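K.L.:
This is the structure I have questions about; it appears just below.
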Amino acid sequence: MPGTKKVDLPDLDKATVEELSEIRDEVVRELVERARAGRPGDGKISGHDSVYHDKST
Amino acid sequence: MTSAEMVDRPFQASVEPHTRWIVLKVAQRCNLNCTYCYVYNRGDNGWRQRPKFMSPLVAEAVAELIHSHCLKHDIDTFVVEIHGGEPLLLGPKRFRAILDILLKKCTSARLVFLLQTNGLLLNEEWLELFARYGVRFGVSVDGAPERADLQRVYSNGNGSTQDLLDRIAQLRIVTPLFEKQLSGALCVIDPQVGGASMIKWMIEHDFRSFDFLLPDATYVNLPANWNGPTEYGRFLIEAFDYWRLLGVNAPRIRRFELMMLGLLGQPPQLDSLGGDIRSLCVVETNGSIGILDTLRICGGIYATDVLSVFDDDLDTHSEYYSLGRMQTLSKKCTSCEYLSACGGGYLPHRYDGDSFQNPSLYCDALYALADHMMITLKDTLPASVWA
């Protein structure tokens, strides 16, 4: 049931670069790399549901 | 960033964001009549009263507003999303004229042009225009005709998907510009289709970047054939598991990537996953300035044309519609451990006819997906990140 339990979200800063590079799941590893490369934001929109936009382009 | 900071971020409203993204409804009509469309078939008939196409006069007013707005707020990049109806109904000549006006008058910021189309009018001329003006486009496709054409129909009721697939196949043969200018595809979820088979179909048809959209709806304007959110959760989880199994061959799937990135500490980037809608406005063909277009299915004030490019500026809508207050999350959301994944869901999905301060209509599906993602992260991330 949503909202009934509390779990800790991961903190990537607590892992070494070596540990993160050894993640064996390709999809997760790529996302971890993107998360670590990402800049802190303010939550403003950089995507709109009604248009497909790839920020990397 | 700590987990507490991540959870807080989606509803922080300490900084008033300025508009950085404008949706230009350059064509008010469409050559399709998709059954789920928020413009035509979810209760808002505002399109009937507006001009079919955006005039140069409106485009000039928009251009001047963007120019002065970016100058005033020191904005160096501004997104212009070209939308409709079906934007290609505008025709190449009017399209060029509008983009030329924007580029000529908006010299204070770099303009990024995006466009979403049903693809049925795409041809080499359009693709050359996109390349010339740097327009990146998305195409709407819902999968195999057998199911997709129950929704994606012409006004005579006939399905459109095979026509789209034939057109795309032809364009891929004759020009590299289709792939070069294509950002990806939008696919509205049909819960009767398996998530894995949907991804397989997209890959088989050479779509390597796409998103799965939840049908536009509210608590008082439910999706067609609504049986609750569970079947949407089932679709998403099945799709997510299949996506991961593809490993290095996995396509880009926006919803999965952004929800996972939310769980990994990135702020919300998409309006439907908690991005602040105060930084986006919509301009209709008559020059009216509105809020997030899909909110028109909520009716009332959200479906009226009040503000105008001729009288107001690009931040007026935020205060007029109380967008900060509108985005206040429900208690259930603020206490949810996975808020950083879904951001509370899309605003229209939170509307109960009176307030937006509710969990998403699709909350159980989003929660189940986020929980499933968290299990994946627990299984794959090193132990040190949980310390």
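Chains G and X, in that order, give the protein sequences. My numbering puts the last residue of the first sequence at 646; the count rises by one with no breaks. My numbering puts the last residue of the second sequence at 473; the count rises by one with no breaks. Backbone N, C-alpha and C fix where the C-beta goes; we use that ideal spot for every residue, glycine too. As the structure is a prediction and not an experimental result, all values here were calculated from the model.
1) How would you list, in chain order, the residues of chain G whose beta-carbon sits under 8 Å from the beta-carbon of X/Pro277?
2) Just reading off the alpha helix (DSSP H) that X/Cys419 is part of, what are its end residues?
3) Distance check for G/Lys603 and G/Ser639, CA to CA, integer angstroms please.
4) Between which two residues does the beta strand (DSSP E) harbouring G/Ile612 extend?
5) Which one or two residues does DSSP pair with X/Leu272 in a beta bridge?
6) With 16 as the cutoff for other CB atoms within 10 Å, does X/Trp212 come out buried or exposed?
7) To the nearest angstrom, report how far apart X/Leu189 and X/Thr402 are at their CA atoms.
8) Cα-Cα, which of X/Thr371, X/His435, X/Arg364, X/Ile387 is closest to X/Arg411?
9) Which residues in chain X have a C-beta closer than 8 Å to the C-beta of G/Glu615? List them in chain order.
10) With a cut-off of 8 Å on the beta carbons, I'd call X/Ile275 and X/Leu251 a contact; round off their distance for me.
11) Determine the closest residue to X/Ser416 out of X/Ser404, X/Leu110, X/His435, X/Asp399, with distance taken between C-alpha atoms.
12) Mind checking who X/Ala113 pairs with in its DSSP beta bridge?
13) Give every residue of the same chain whose Cβ lies closer than 6 Å to the Cβ of G/Arg618, excluding the five residues on either side of it in the sequence, and list them in chain order.
14) Note down, in chain order, every chain X residue with its Cβ under 7 Å from the Cβ of G/Glu608.
15) Go ahead and pull the three-state DSSP assignment for X/Gln248.
16) Go ahead and label X/Gly439 buried or exposed: buried means 16 or more other beta carbons lie within 10 angstroms of its beta carbon, across all protein chains shown.
17) So X/Leu366 and X/Gly348 are in contact, right, with Cβ under 8 Å, and what is the actual spacing, rounded?
18) Given a threshold of 16 other Cβ atoms within 10 Å of its Cβ, counted over all protein chains shown, does X/Leu157 qualify as buried or as exposed?
19) Helix, strand or coil for X/Leu393 per DSSP?
20) Assign X/Trp312 to one of three DSSP states: helix, strand, or coil.
21) Report the residue from X/Arg106, X/Gly129, X/Gly245, X/Arg115 whose alpha carbon sits nearest the alpha carbon of X/Ala389.
22) Tell me the residue span of the beta strand (DSSP E) that contains X/Cys367.
23) Just to confirm the assignment, what range does the beta strand (DSSP E) spanning X/Thr380 have?
24) Kindly say whether G/Ala604, judged by its beta-carbon, lies nearer than 7 Å to any beta-carbon of chain X.
25) I want to verify the contact list: residues of chain G whose CB lies under 9 Å from the CB of X/Val109, in sequence order.
26) What whole-angstrom Cβ distance do X/Leu447 and X/Thr304 have, given they're in contact under 8 Å?
27) For X/Tyr437, which option in X/Arg320, X/Gly333, X/Leu308 has the closest C-alpha, if you only look at C-alpha atoms?
28) Any beta-carbon of chain X closer than 7 Å to the one on G/Thr646?
29) For chain G, check one thing: does any of its Cβ atoms lie closer than 7 Å to the Cβ of X/Arg330?
30) Select from the segment 408 to 435 of chain X all residues with a C-beta closer than 7 Å to any C-beta belonging to chain G, and list them in chain order.
31) For G/Gly627, which of X/Leu378, X/Gln355, X/Gln413, X/Arg382 has the nearest alpha-carbon?
32) What are the boundary residues of the alpha helix (DSSP H) that X/Gly410 is part of?
33) Please report whether the beta-carbon of X/Leu381 lies at a distance below 7 Å from any beta-carbon of chain G.
34) Check each candidate in X/Ile184, X/Thr466, X/Glu210, X/Pro353 and name the one with the smallest Cα separation from G/Gly636.
35) By the criterion of Cβ-Cβ separation under 8 Å, what are the contact partners of X/Ser358 in chain G?
36) Which partner residues of X/Glu167 appear in the DSSP bridge assignment?
P.N.:
This is what the structure gives:
1) Taking the second sequence and counting its residues from 1, one reaches residue 277 of chain X at position 191. Those do not exist, as X/Pro277 stays about 18 Å from chain G at its closest Cβ, beyond 8 Å.
2) Translated into positions along the second sequence, residue 419 of chain X becomes position 333. Here the alpha helix (DSSP H) through X/Cys419 covers 417 to 420.
3) Here residue 639 of chain G refers to the residue found at position 50 of the first sequence. Here residue 603 of chain G refers to the residue found at position 14 of the first sequence. In a straight line, the C-alpha of G/Ser639 is about 36 Å away from that of G/Lys603.
4) Your numbering for residue 612 of chain G matches position 23 in the first sequence. Boundaries for G/Ile612: no beta strand (DSSP E) harbours it, and the DSSP string shows neither H nor E there.
5) On the second sequence, position 186 is the one that residue 272 of chain X refers to. Answer by DSSP bridge pairing, in chain order: X/Ser226, X/Asp297.
6) Counted from its first residue, the second sequence places residue 212 of chain X at position 126. The Cβ neighbour count for X/Trp212, taken over all protein chains shown within 10 Å, is at least 16; the residue is labelled buried.
7) Within the second sequence, numbered from 1, the residue matching residue 189 of chain X stands at position 103. Within the second sequence, numbered from 1, the residue matching residue 402 of chain X stands at position 316. Answer to the nearest angstrom: the Cα atoms are 23 Å apart.
8) Looking up residue 411 of chain X in the second sequence gives position 325. Among X/Thr371, X/His435, X/Arg364, X/Ile387, the Cα nearest to that of X/Arg411 belongs to X/Arg364.
9) Translated into the one-based positions of the first sequence, residue 615 of chain G becomes position 26. Neighbours of G/Glu615 on chain X, chain order: Gly333, Val334, Ala336.
10) The residue labelled residue 275 of chain X in the question sits at position 189 within the second sequence. The residue labelled residue 251 of chain X in the question sits at position 165 within the second sequence. Not confirmed; about 19 Å, so no contact.
11) As a position in the second sequence, residue 416 of chain X is number 330, starting the count at 1. Per the Cα distances, X/His435.
12) For the purposes of this step, residue 113 of chain X is taken as residue 27 along the second sequence, with counting starting at 1. Per DSSP, X/Phe139.
13) Position 29 of the first sequence, counting from 1, holds the residue named residue 618 of chain G. Correct list, in chain order: Ile612.
14) For the purposes of this step, residue 608 of chain G is taken as residue 19 along the first sequence, with counting starting at 1. Pro468, Ser470, listed in chain order.
15) Here the question's residue 248 of chain X lines up with position 162 in the second sequence. Helix.
16) If you number the second sequence from 1, residue 439 of chain X lands on position 353. Exposed, since its Cβ has fewer than 16 Cβ neighbours within 10 Å.
17) Numbered from 1 along the second sequence, position 280 holds the residue referred to as residue 366 of chain X. Numbered from 1 along the second sequence, position 262 holds the residue referred to as residue 348 of chain X. No, X/Leu366 and X/Gly348 are not in contact; Cβ-Cβ is about 19 Å, not under 8 Å.
18) Along the second sequence, read from residue 1 onward, the residue named residue 157 of chain X stands at position 71. Exposed, by the Cβ-count rule.
19) Numbered from 1 along the second sequence, position 307 holds the residue referred to as residue 393 of chain X. Three-state result, X/Leu393: strand.
20) The sequence position of residue 312 of chain X within the second sequence is 226, counting from 1. Reduced to three states, the DSSP call for X/Trp312 is coil.
21) Counting from one through the second sequence, the residue named residue 389 of chain X turns up at place 303. Residue X/Gly129 is the option with its Cα nearest to X/Ala389.
22) Position 281 of the second sequence, counting from 1, holds the residue named residue 367 of chain X. Annotation for X/Cys367: the continuous beta strand (DSSP E) segment containing it runs 366 to 369.
23) Here residue 380 of chain X refers to the residue found at position 294 when the second sequence is read from its first residue. Where X/Thr380 is concerned, there is no enclosing beta strand (DSSP E), given that its DSSP letter is neither H nor E.
24) Along the first sequence, one-based indexing puts residue 604 of chain G at 15. Yes, contact with chain X.
25) Numbered from 1 along the second sequence, position 23 holds the residue referred to as residue 109 of chain X. Result: His637, Ser639, Val640.
26) Residue numbering aside, residue 447 of chain X sits at position 361 when the second sequence is read from its first letter. Residue numbering aside, residue 304 of chain X sits at position 218 when the second sequence is read from its first letter. Confirmed, Cβ separation roughly 7 Å.
27) What you label residue 437 of chain X is simply residue 351 of the second sequence in a count that begins at 1. Nearest option by C-alpha distance: X/Leu308.
28) Position 57 of the first sequence, counting from 1, holds the residue named residue 646 of chain G. For G/Thr646, the pLDDT reaches just 37, beneath the cut-off of 50, and the residue's location in the model is therefore unreliable, although a value from the coordinates is still provided. Yes, because at least one Cβ of chain X sits closer than 7 Å to the Cβ of G/Thr646.
29) Looking up residue 330 of chain X in the second sequence gives position 244. Cβ-Cβ to chain G under 7 Å: yes for X/Arg330.
30) If the cut-off is 7 Å between Cβ atoms, the segment 408 to 435 of chain X has Lys418, Ser421, Cys422, Glu423, Ser426, Tyr432 near chain G.
31) Stepping through the first sequence from its first residue, residue 627 of chain G is reached at position 38. Among X/Leu378, X/Gln355, X/Gln413, X/Arg382, the Cα nearest to that of G/Gly627 belongs to X/Gln355.
32) What you label residue 410 of chain X is simply residue 324 of the second sequence in a count that begins at 1. Residues 409 to 412.
33) Looking up residue 381 of chain X in the second sequence gives position 295. No, no contact with chain G.
34) Here residue 636 of chain G is taken as the residue at index 47 of the first sequence, counted from 1. Among X/Ile184, X/Thr466, X/Glu210, X/Pro353, the Cα nearest to that of G/Gly636 belongs to X/Pro353.
35) Stepping through the second sequence from its first residue, residue 358 of chain X is reached at position 272. Neighbours of X/Ser358 on chain G, chain order: Asp638.
36) As a first step, residue 167 of chain X is located in the second sequence; it is residue number 81 there, counting from the start. Looking at the DSSP assignment, X/Glu167 forms a beta bridge with X/Val109, X/Leu200.
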